[in-house]
Amino acid sequence: MKKPFYHYITIGIVLLYLLIPLLGTFQYSFATSWHKTILPEGFTIKWYVELFGDLRFLKSLGRSLVMSLGATILTLVIMVPAIFSIVLYAPKLEKMIQSLIVMTYAMPGIILAVGLIRAYSTSGISMVLITIGAYFVGILPYMYQGTRNSLRNINAESLMEAAEILGASRYTAFQKVIVPNIISGILVSSLLSFSILFGEFVLINLLVGGHFETVQIYLFQKLSQSGHIASAIVVCYFLLISILSAIMIKMTRKKKEPV
Amino acid sequence: MSFLTIENIKKSFDNETVLHSLNLSIKEGEFITLLGPSGCGKSTLLRTIAGLIHQDEGKIHIDGKDVTEVKPKDRQVGMVFQSYALFPNMTVQENIEFGLKMKKLDKETVKQNAAKIVELVELTGKEKSYPRELSGGQQQRVALARSLVTRPKVLLLDEPLSALDAQIRKNLQKQLRSIQQELNMTTILVTHDQEEAMAVSDYVYIMNKGQIAQSGTPHEIYTRPVNEFVARFIGNYNVLTREEVSNLFKGEKNFKNKMYAIRPEAFSEDRILDGYEISGKIQKTSMLGNITRFELEANHVSFIADRLHKIDEDAQKQETKTLYLNRKDVIPLS
Amino acid sequence: MILKRMNGMFLISIIPFFILVLLFLFVPLFFMLYSSFQGDGGSGFTFKQYLEIFQNTYYHQAFKNSIIISFFSSLIAIGLAVFATYSITLFSKKIQDRILVFANLTANFAGIPLAFAFIVILGNSGLFTLLFKHFGWDLLNSFNLYSWSGLVLIYIYFQLPLAVMLIYPVYQGIQAQWKESAALLGASPLQFWLRIGGPIILPSIAGTFSILFANAMGAYASAFALTGSTYNLVTIRIGALTTGDIFARPELGSAIATLLGVTLVVALLINEWLTRRIRRDLS
Chain B
855 MKKPFYHYIT IGIVLLYLLI PLLGTFQYSF ATSWHKTILP EGFTIKWYVE
905 LFGDLRFLKS LGRSLVMSLG ATILTLVIMV PAIFSIVLYA PKLEKMIQSL
955 IVMTYAMPGI ILAVGLIRAY STSGISMVLI TIGAYFVGIL PYMYQGTRNS
1005 LRNINAESLM EAAEILGASR YTAFQKVIVP NIISGILVSS LLSFSILFGE
1055 FVLINLLVGG HFETVQIYLF QKLSQSGHIA SAIVVCYFLL ISILSAIMIK
1105 MTRKKKEPV
Chain W
4 MSFLTIENIK KSFDNETVLH SLNLSIKEGE FITLLGPSGC GKSTLLRTIA
54 GLIHQDEGKI HIDGKDVTEV KPKDRQVGMV FQSYALFPNM TVQENIEFGL
104 KMKKLDKETV KQNAAKIVEL VELTGKEKSY PRELSGGQQQ RVALARSLVT
154 RPKVLLLDEP LSALDAQIRK NLQKQLRSIQ QELNMTTILV THDQEEAMAV
204 SDYVYIMNKG QIAQSGTPHE IYTRPVNEFV ARFIGNYNVL TREEVSNLFK
254 GEKNFKNKMY AIRPEAFSED RILDGYEISG KIQKTSMLGN ITRFELEANH
304 VSFIADRLHK IDEDAQKQET KTLYLNRKDV IPLS
Chain F
349 MILKRMNGMF LISIIPFFIL VLLFLFVPLF FMLYSSFQGD GGSGFTFKQY
399 LEIFQNTYYH QAFKNSIIIS FFSSLIAIGL AVFATYSITL FSKKIQDRIL
449 VFANLTANFA GIPLAFAFIV ILGNSGLFTL LFKHFGWDLL NSFNLYSWSG
499 LVLIYIYFQL PLAVMLIYPV YQGIQAQWKE SAALLGASPL QFWLRIGGPI
549 ILPSIAGTFS ILFANAMGAY ASAFALTGST YNLVTIRIGA LTTGDIFARP
599 ELGSAIATLL GVTLVVALLI NEWLTRRIRR DLS
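Residue numbers (the working numbering), protein chains in the order written: chain B, 855 to 1113; chain W, 4 to 337; chain F, 349 to 631.
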């Protein structure tokens, strides 16, 4: 089938729009100096060397990893059993959960941040822990969607009934039958959540601020100091979310393949 | 004089030939059926007639006009899809009026024509409903009304009844046939259900692998299959090789063809003069409503025979039955 | 009925979940609402904060800026996405998948990194700024990344992939046979889109628009990275009032945040009402 030319144009506009800032940043991160000329004066990897030689950056990377991973695992451990129980044994509660999910999805981080500051900033609890709690709320929609779809795909209700008829307790059935079957689907939404949290700035900046530097805050500090290093961070960050996406795609494809 | 002719239509997708030089001609007001298993090319042929698919080679004439290069919207053909394809944002009335409005007819004519057709398909009272509020059978009738209201020259039906329950399907088949006859509408039906094809059509084309395997009236097709494919596809024919047939009729040597077909109901328990006589051992009996089906074995050849159901059924397993068969009921296949 | 099927395991599995939701969603929302009715320094019960917002033109401007930027960025993004996504659906499955993967990837590219990427290409010494200067056109005369036009460009960037991903399934809902039926009944492609395709996808487009609008209204990081606290947006004001060291007025911040929440709820309700008006067959 031949396609009219303007279909290429519409797609081209969108792709270029999305691509140009990325390419620009990529080039800038490898440029020796780039002030007055159209093209960079030379190419170098020194910004990357400098970046990865900076202990402050490595520490912030560690903090980001711990925060994102911690919040994702917390959500995983607490939410999957809860959604499982509600979907299977209290379907009436599900309507309520769904409104809750829509609410968390539509609510901007800034509103949550204001509320958390008003509620907990004087309580003496570490605001880092509060941020992890806020992350739990933030990634609820993605984790819920993933869990719910996985349960539906494997037809969890019949699986549980079959396992229970064969003599397994509910807990055993959940652990031995349900979890192994939904794990890959849930892992995909966990990776998505992780990559969202890794790029999170609003909550951590407002709740904790500059004295607990994550990668995003480090990047923010660097913006005004060195554009080249900032570009290098952006490139690394984009690389990371690309790798995570690639893993997610691979996992979803594998799941779809006929057995 | 044929009303619709198809000459040497060829079509292939990705190097796979779907239609091999097909020829077809239909008289005005005739109801024909394209019957075949899925993937035989019957839907492709139908869509080619509608102009939704462009053939690689060949010509199509409708009512004396060459429409080979005419766009679908100007071909004056109506089509009913398996999924009905009703427009979900429009009421029954709006769906039916759509084609008339596209013709820019005046409001009064649109109203009158629509009202007439609503009555014809027995949807009076449902005009204001949306498609999703109707049952499958009702949706089907809306789809039919929508394509009939513009009085197309040819009506194309692409498995229109296959998504419905058996009971509703039977009723709609009758209704479809009577509407078609009332309007004298030239109609082409595509189906994989041979009973449906037999029940409604004047003429049946059996298709296999992009070619026409046999064509004829339902009676001809059913009683005289010409090849193995048709014999196997139509009903429950016993399809036997030459060796099997000569074994079955001990000693008969004058079978020349490779394959033969025998209708299960052709076997008789009453003696037939100058017929074949077979004594077979009953392997299994099954009840199929008004007929009883025997699976028998004679001279190491298995075959099935049907008989109208009798109240005092007496046949036992392993019992030997003597059956008779007319010579002309052993049909040679090409 | 629910109670009957509950057992110990059930409660153990759901209680921690609800406790966390309570602690980190409802408690903070309550406190925000509560302190929005307090005077400065957290005293008494008063409508003073809301009155100030309604009287002070500075906050009017913040809402106006936020709404204008959100509205235009959503409108442009959805306009582009409606056409581009339709074009995408005409290509092979493989190409469609690739474009969607790319959209998915860039949808995650937001906030600080995004703002920075735009500084690199359009900032005071950005690539395009220099390039245009070289050809004798001073971009900075007509365009300033650090103003509302720059923010709209950045907002479009994170709205566009989201819009494509939300609209893509909408086109999948248009059955090919509707188009074929319409064509056989004498409708041109344009007539099909005006009378059938358009009305069918319109509610979803409107829904997507309101998601984009809400998304933009709540966006904070990109604008903050680009302009610090200087550009007057609702979210920037909330951030500054809540955590600013010198000018902190958290009660006022809470009141603005509450109003922002109300704006979003109203936007979603309007969308729902409109959808029902447009598609009578859905109600």
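For every residue, glycine included, the Cβ atom is placed at its ideal position computed from N, Cα and C.
- In the three-state reduction of the DSSP assignment, B/Glu1011 falls in the helix class, which pools H, G and I.
- Interface annotation, W/Phe236: not in contact with chain F, CB-CB separation never under 7 Å.
- The stretch 575-584 of chain F makes no contact with the stretch 975-988 of chain B: fewer than 3 CB pairs, one atom from each, lie closer than 8 Å.
- Leaving aside the five residues that flank W/Gln58 on each side, the residues in its chain whose CB is nearer than 6 Å to its CB run, in chain order, Ile12, Lys14, Thr51.
- Counting only the Cα atoms, F/Phe439 lies some 27 Å from W/Met82.
- Checking the DSSP bridge columns, you'll see B/Arg917 has no partner listed.
- Chain-ordered, the chain B residues with CB closer than 8 Å to the CB of F/Ile436 read Ile865.
- B/Val1088 counts as buried, since no fewer than 16 other beta carbons sit within 10 angstroms of its beta carbon.
- At a cut-off of 4 residues, the continuous stretches assigned as alpha helix (DSSP H) that sit fully inside the stretch 910-963 of chain B are 945-960.
- In the same chain as B/Val934, and ignoring 5 residues on each side of it, the C-beta atoms closer than 7 Å to its own belong to Thr1001, Ile1040, in chain order.
- The alpha-carbon of W/Glu72 is positioned some 55 Å away from that of F/Gly459.
- In this structure, the alpha-carbon of F/Lys441 lies about 12 Å from that of F/Ser435.
- For a Cβ distance threshold of 7 Å, residue set Val868, Tyr871, Leu872 of chain B lies close to F/Leu508, ordered along the chain.
- When the five nearest sequence neighbours on each side are left out, the beta carbons in the same chain lying within less than 8 Å of the beta carbon of B/Trp901 are those of Ser883, Phe884, Ser1080, His1082, Ile1083, Ser1085, Ala1086, in order along the chain.
- B/Leu1077: member of the alpha helix (DSSP H) spanning 1069-1077, first to last residue.
- As a beta-bridge residue in DSSP terms, W/Leu25 pairs with W/Ile12.
- Residue environment: B/Gly907 is assigned as exposed (fewer than 16 neighbouring CB atoms within 10 Å of its CB, all protein chains considered).
- The C-beta of B/Gln1029 comes no closer than 7 Å to any C-beta of chain F.
- B/Ile993 sits away from F/Ala605, with the two beta carbons spaced by 7 Å or more.
- Scanning its chain for C-beta atoms nearer than 7 Å, with the 5 sequence neighbours on each side dropped, one finds around W/Glu33 the residues Thr189, Asp205, Tyr206, in chain order.
- Annotation: the continuous beta strand (DSSP E) that includes W/Lys287 extends over 279-291.
- Boundaries for W/Asn92: no alpha helix (DSSP H) harbours it, and the DSSP string shows neither H nor E there.
- Inter-residue distance for W/Ser249 and W/Leu186 is about 51 Å (C-alpha atoms, whole angstroms).
- Where F/Leu508 is concerned, the enclosing alpha helix (DSSP H) starts and stops at 496-520.
- W/Asn92 has a beta carbon lying within less than 7 Å of a beta carbon in chain F.
- Residue-level contact check: F/Ser361 touches chain B, since one or more beta carbons of chain B fall below 7 Å from its beta carbon.
- Of all residues in the stretch 526-549 of chain F, only Trp526, Glu528, Ser529, Ala530, Ala531, Leu532, Leu533, Gly534, Ala535, Ser536, Gln539, Arg543, Ile544, Pro547, Ile548 place a beta-carbon less than 8 Å from a beta-carbon of chain W.
- Of all residues in the stretch 63-81 of chain W, those with a C-beta nearer than 7 Å to a C-beta of chain F are Pro75, Lys76, Val80, Gly81, reading in chain order.
- Shown here for B/Phe1048: same chain residues with a beta carbon closer than 6 Å to its own, the five before and five after excluded, namely Ser922, Thr926 in chain order.
- F/Pro547 and B/Ile955 have their C-alpha atoms roughly 29 Å apart.
- Using beta-carbon distances, F/Pro364 counts as an interface residue toward chain B, with a partner under 7 Å.
- Of all residues in the stretch 437-454 of chain F, only Leu438, Phe439, Ile447, Val449, Phe450, Ala451, Asn452, Leu453, Thr454 place a beta-carbon less than 8 Å from a beta-carbon of chain B.
- A straight line joining the alpha-carbon of F/Gly484 with that of F/Met565 spans about 37 Å.
- Between F/Ser570 and F/Ile502, the C-beta spacing is below 7 Å.
- Listed by position along chain F, the residues whose Cβ is nearer than 7 Å to that of W/Gly102 are Leu533, Gly534.
- Interface with chain F (7 Å Cβ-Cβ cutoff): W/Lys256 is excluded.
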